[in-house]
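Okay, structure first, notes after.
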């Protein structure tokens, strides 16, 4: 089954794609999808439309006549002429990590190559030199580093601090945001067992 997933700071909507044309927005007289009004205002009344192209879909910003207010972005570049979706591709509605919505396209029949978050096991038991720096180009001369190489990861994206044995705190330093269990953090957060850290395309377990 082909579907779209919209993730609004941890609130997730999923919509299956089975026909040749769809419209996406908060205007329920126009949209083919039921988008809530409350908390989803970053989505325009008439935000985008999708046309089937081969076995996938091409997404266009706006309603065909006017662009959406907050846009559709792939790797921080706004879509203006349509964009062919492939399995695992992630777009954003808006660019501010405090309120943007992640839109991910899934077509499991075409799952190779997959463009999904890179999951990594975060082992802290052997770390001696704190804090742990997480980023695209952290400074190994300062402390222990975990390099995450992707354009959406800042040079120093976040740090992990050991509070006491088995208890750690994460601090965000990036405008692109750090997410715990798919929720953007706005201040230092004490991690709990089972929490997942999302930095750019990476998920740290």
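In the numbering used here, the protein residues as written are -6 to 198. Here a beta-carbon is modelled for each residue, glycine too, at the ideal position from N, C-alpha and C. Quick caveat, the model's predicted, so the values are computed rather than measured.
- Looking at 23, 188, 103, 172, the one whose alpha-carbon comes closest to that of residue 56 is 23.
- If you draw a 10 Å sphere on the C-beta of residue 42, you find 16 or more other C-beta atoms in it, and that means buried.
- About 7 Å separates the beta carbons of residue 184 and residue 162, which is inside the 8 Å limit, making them a contact pair.
- The beta-carbon distance between residue 9 and residue 28, rounded to whole angstroms, is 15 Å. This is too long to meet the 8 Å contact definition.
- By the C-beta criterion, the region 180 to 195 is judged to be in contact with the region 139 to 148, since at least 3 inter-stretch pairs fall below 8 Å.
- In the structure shown, residue 102 adopts helical secondary structure according to DSSP, grouped into three states.
- Counted as a single uninterrupted DSSP element, the beta strand (DSSP E) harbouring residue 156 occupies residues 151 to 157.
- DSSP places residue -5 inside the beta strand (DSSP E), whose first and last residues are -5 to 1.
- In the three-state reduction of the DSSP assignment, residue 160 falls in the strand class, which pools E and B.
- With at least 16 other beta carbons inside 10 angstroms of its own, residue 126 counts as buried.
- For the options 21, 95, 116, the alpha carbon positioned closest to that of residue 69 is the one of 95.
- Between the region 83 to 102 and the region 118 to 125, the count of C-beta pairs closer than 8 Å stays below three; the two stretches do not touch.
- Within the same chain, 120, 122, 125 come within 6 Å of residue 137 by CB-CB distance, once the 5 residues on both sides are set aside.
- By the Cβ-count criterion, residue 5 is exposed, with fewer than 16 other Cβ atoms from all chains shown falling within 10 Å of its own Cβ.
- In its chain, beyond the 5 residues on either side, 191 have a beta carbon closer than 6 Å to the beta carbon of residue 172.
- In the structure shown, residue 46 falls within a strand segment according to DSSP collapsed to helix, strand and coil.
- Our two residues, residue 82 and residue 72, have alpha carbons roughly 14 Å apart in a direct line.
- DSSP, read as helix, strand or coil, puts residue 111 in strand.
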